[in-house]
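Quick note on numbering: the sequence shown equals residues 0 to 291 in numbering that gives the first Met the number 0.
Note that CB positions come from ideal geometry on N, CA and C, so glycine has one too.
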Amino acid sequence: MLRFKSWDEFGFQILVNGFLLTVLLLVVIPLWRVIMMSVTPIGHIDNGSFGMWIAPNQWSFEAFQQLLTHPNFLRSLGNSVFIAAVGTSINLLLTVPLAYALSIPTLPGRKLFIGFILFTFLFNPGLVPVYLVVTKLGLRDSFAAVILPTAISVYNTLVMKSFFEGLPEDLKEAARIDGASELQVLAKVILPLSRPIILTIGMFYAVSHWNEFFAPILYLDNAQLMPLPVLLRNILMSAGVNEYLEYDAFSSAPIEAIKAAGVLLTMLPMVALYPWIQRYFTKGTLSGAVKQ
């Protein structure tokens, strides 16, 4: 049984719990509506409870079938997986060495390098210069145009740098005394201790790449290279035009159900990945944010 020292503490707990319950409802109700819409059969569109409740024995998975069996959906799903996997790998391969180098106090020109990096963080060049660089390098209409412009995040680099600075210096010095180079120190001492921050930052990068939307529209002209969020946008914009689906698609599933199924299929991979990494989030972000 819960006991409170004062009425003020009791009232505070009521306010906090009420606020959290409100936030929970604001998240669960729209998600529930999307789930119900995705399994709505075509005959229930005019039903007054459409989108909020359907008996399980009336569920229809025709919308999922229409998307999963369409070649554009599977191709776009593969494109998104490729962009997220390759992009995140490049991000970590560049971010980890840079963050480690900046965490070494004796690095020549360390403050100058940090200043240059912070300058790019505070003063973004904008869309037009980036677009011109990508075009001049001949990267248009390739996955490189989507991946390389965001190869390093300054914020993620600084968080990882703070994490590396918080690791015991004695371990690094012991490895250096044994004759290990800085690369060996990073590979054999730092990385085994840095799993929380690497998984956390990797998750940040992966979610960013998975949700990439504007860059593919800007740089990719080939429809075969479009990732899943762009295909979903095309489906949402097409509505009844039936431009991106088979001509008989809406004969077995309503367009609202197809939209909802597309939303669920798009978010499912990241939702499935998050619980596996979630236990590292607090340790990774807080260790990188607080310097002792």
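Can you tell me the Cβ-Cβ gap for residue i and residue j, rounded? I've got them flagged as a contact below 8 Å.
{"i": "isoleucine 200", "j": "valine 158", "result": "7 Å"}
{"i": "leucine 73", "j": "isoleucine 257", "result": "Contact doesn't hold; Cβ gap of about 15 Å is too wide."}
{"i": "leucine 185", "j": "proline 96", "result": "7 Å"}
{"i": "alanine 252", "j": "serine 75", "result": "Not really, about 19 Å apart at Cβ, beyond 8 Å."}
{"i": "alanine 214", "j": "valine 145", "result": "5 Å"}
{"i": "alanine 259", "j": "serine 88", "result": "Not really, about 32 Å apart at Cβ, beyond 8 Å."}
{"i": "valine 229", "j": "isoleucine 216", "result": "6 Å"}
Expressed to the nearest angstrom, what Euclidean distance is found between the alpha-carbon atoms of residue i and residue j?
{"i": "isoleucine 116", "j": "valine 132", "result": "19 Å"}
{"i": "valine 180", "j": "leucine 92", "result": "In the sequence under discussion, the amino acid at residue 180 is serine, which differs from the valine named in the question. Approximately 18 Å, taken between the alpha carbons."}
{"i": "aspartate 264", "j": "leucine 136", "result": "Checking the sequence shown, residue 264 turns out to be leucine, not aspartate. Computed Cα separation, rounded: 34 Å."}
{"i": "tryptophan 209", "j": "serine 161", "result": "26 Å"}
{"i": "isoleucine 196", "j": "valine 33", "result": "33 Å"}
{"i": "leucine 18", "j": "tyrosine 130", "result": "Looking at the sequence shown, residue 18 is not leucine but phenylalanine. If you take the alpha carbons of phenylalanine 18 and tyrosine 130, they lie about 44 Å apart."}
{"i": "glycine 86", "j": "tryptophan 6", "result": "53 Å"}
{"i": "phenylalanine 163", "j": "lysine 110", "result": "16 Å"}
{"i": "phenylalanine 122", "j": "glycine 108", "result": "21 Å"}
{"i": "proline 29", "j": "proline 268", "result": "19 Å"}
{"i": "glutamine 12", "j": "leucine 20", "result": "12 Å"}
{"i": "alanine 173", "j": "proline 167", "result": "11 Å"}
{"i": "glutamate 211", "j": "tyrosine 218", "result": "12 Å"}
{"i": "glutamate 61", "j": "valine 22", "result": "32 Å"}
{"i": "lysine 290", "j": "proline 124", "result": "Annotation note: pLDDT 45 at lysine 290 (below 50); position unreliable, no value reported."}
{"i": "asparagine 16", "j": "glycine 178", "result": "56 Å"}
{"i": "methionine 236", "j": "leucine 24", "result": "28 Å"}
{"i": "leucine 106", "j": "lysine 171", "result": "14 Å"}
Using a 10 Å radius around the Cβ and a threshold of 16 neighbouring Cβ atoms, would you call residue i buried or exposed?
{"i": "tyrosine 204", "result": "buried"}
{"i": "alanine 222", "result": "exposed"}
{"i": "threonine 94", "result": "buried"}
{"i": "leucine 182", "result": "exposed"}
{"i": "lysine 187", "result": "exposed"}
{"i": "methionine 35", "result": "buried"}
{"i": "leucine 198", "result": "buried"}
{"i": "leucine 101", "result": "buried"}
{"i": "threonine 39", "result": "buried"}
{"i": "glycine 10", "result": "exposed"}
{"i": "methionine 225", "result": "buried"}
{"i": "valine 26", "result": "exposed"}
{"i": "phenylalanine 63", "result": "buried"}
{"i": "glutamate 304", "result": "Only positions 0 to 291 of the chain appear in this structure, which leaves residue 304 out of reach."}
{"i": "glycine 114", "result": "exposed"}
{"i": "glycine 261", "result": "buried"}
{"i": "isoleucine 176", "result": "exposed"}
{"i": "tyrosine 273", "result": "exposed"}
{"i": "glutamate 245", "result": "Low confidence applies to glutamate 245: its pLDDT is 47, below 50, so where it sits in the model is not reliable, and the reading given next is rough at best. Exposed."}
Identify which residue in the options has its Cα closest to the Cα of residue i.
{"i": "isoleucine 276", "options": "Arg194, Arg109, Asp169 and Val38", "result": "Arg194"}
{"i": "aspartate 220", "options": "Leu198, Arg175 and Leu138", "result": "Leu138"}
{"i": "valine 270", "options": "Leu224, Met202 and Ile254", "result": "Met202"}
{"i": "proline 293", "options": "Ala143, Phe112 and Pro148", "result": "No statement about residue 293 is possible, as the shown extent of the chain runs from 0 to 291 and does not include it."}
{"i": "alanine 83", "options": "Leu227, Gly178, Asp140 and His69", "result": "Leu227"}
{"i": "leucine 231", "options": "His69, Ile13, Leu14 and Phe120", "result": "His69"}
{"i": "serine 141", "options": "Ile151, Ala174 and Phe81", "result": "Phe81"}
{"i": "asparagine 78", "options": "Ala143, Ile176 and Ile103", "result": "Ala143"}
{"i": "proline 104", "options": "Gly165, Leu126 and Met236", "result": "Gly165"}
{"i": "asparagine 90", "options": "Ile151, Glu172 and Asp177", "result": "Ile151"}
{"i": "phenylalanine 299", "options": "Leu106, Thr156 and Arg175", "result": "The chain is shown from 0 up to 291; residue 299 falls before or after that span and cannot be answered."}
{"i": "isoleucine 254", "options": "Trp31, Val22, Ile41 and Leu23", "result": "Ile41"}
{"i": "asparagine 233", "options": "Ile189, Asn71, Phe112 and Asp169", "result": "Asn71"}
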